[in-house]
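Contents: one structure, followed by commentary.
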Amino acid sequence: MTIKTILKSTLVSTVLLSNFAIADDDQILVGAFHDYGITKCDSFILENSQLQGNWNLFINKHKGGIDGPSTEVTVTQIYGSQGDTVKIEDTYIQTAKKCFLRNTWTLTFKGSCADNVDLNDWYVSNEMPNKDYTTYKNSGGLELHAKEISMGNFKACIQEGSKRSSAKHG
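All the letters of the sequence shown, read from the start, carry residue numbers -23 to -1, 1 to 147 under mature numbering (1 follows the signal peptide of the UniProt record, and there is no 0).
Below, the structure written as structure tokens:
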């Protein structure tokens, strides 16, 4: 076997194994939603809530419909590492005609918010000097709420935001 052949077969094996891992995560995620009654929103879920590396997954169902027959399920993902952690909560609502998503996120970074909020992408929309938060907006209209915490010499910036979207069943 030539080195070129060995490299090609290694690359193909790696791609196939990574596709199986992605497929397994996708199956775990969609299967969890199916277990809780969200069965018509698979492509919408996979488009918006792919599992990240080193993840923990928590899922729960909310009792009662919003307005008529609907199913509401929230999945919480926590991934990353200490000092650079992401928490995402995706609440899916399956109604008779559509799928809805309310996506909220919390990001934690070491250092000050001045060092961790890119002012090329965000501008201060509300400083709130008498509160712990500063609100930022981006050109797409998304809001980001940032809070800086300090303990001794340690500083961290906690950033929170949300968005809402919808799609037809599928």
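For every residue, glycine included, the Cβ atom is placed at its ideal position computed from N, Cα and C. It should be emphasised that the depicted structure is a prediction, and the values quoted were computed from it without experimental measurement.
Residue nearest to residue i in terms of C-alpha spacing, selected from the options
i: N107; options: A73, K74 and K124; result: K124
i: F86; options: V52, I135 and L28; result: I135
i: D2; options: S26, G118, D95 and I65; result: S26
i: G147; options: Q71, H39 and E49; result: Q71
i: N31; options: I55, E104 and E49; result: I55
i: L84; options: A9, V94, Y100 and R141; result: V94
i: Y100; options: L121, E66 and G129; result: L121
i: S58; options: M128, D98, L78 and Q29; result: Q29
i: F21; options: C76, G8 and K64; result: C76
i: N103; options: T111, C90 and N97; result: T111
i: L78; options: C18, Q4 and G8; result: C18
i: D109; options: C90, L96 and G117; result: C90
i: G117; options: E66, P46, I36 and K140; result: K140
i: residue 194; options: E66, I36 and K74; result: Since the displayed the chain opens at -23 and closes at 147, residue 194 lies outside it and no answer follows.
i: L96; options: W82, M105 and Y113; result: Y113
Beta-carbon gap between residue i and residue j smaller than 9 Å
i: residue 215; j: L23; result: Here the chain covers residues -23 to 147 and nothing more, so residue 215 does not appear.
i: G88; j: L119; result: no
i: A133; j: G60; result: yes
i: K38; j: E49; result: yes
i: S142; j: N80; result: yes
Per-residue burial, residue i [other beta carbons within 10 Å of its own, 16 or more giving buried]
i: A(-3); result: Caution is warranted here: a pLDDT of 41 is assigned to A(-3), below 50, making its placement in the model unreliable, and the coordinate value is therefore given only provisionally. Classification of A(-3): exposed, given that the 10 Å Cβ count is below 16.
i: Y13; result: buried
i: F10; result: buried
i: I15; result: buried
i: F131; result: exposed
i: G129; result: exposed
Whole-Å CB distance - residue i paired with residue j, under 8 Å assumed
i: T51; j: T68; result: 4 Å
i: A98; j: N115; result: According to the sequence as given, residue 98 is Asp; it is not Ala. With 8 Å as the limit, D98 and N115 qualify as a contact, their Cβ atoms being about 6 Å apart.
Query raised in the report: Which runs of the alpha helix (DSSP H), 4 residues or longer, sit entirely within the region 83 to 145?
Result: 90 to 93
Query - Uninterrupted beta strand (DSSP E) stretches inside the region 23 to 65 (no shorter than 3 residues) - result: 33 to 39 and 48 to 58
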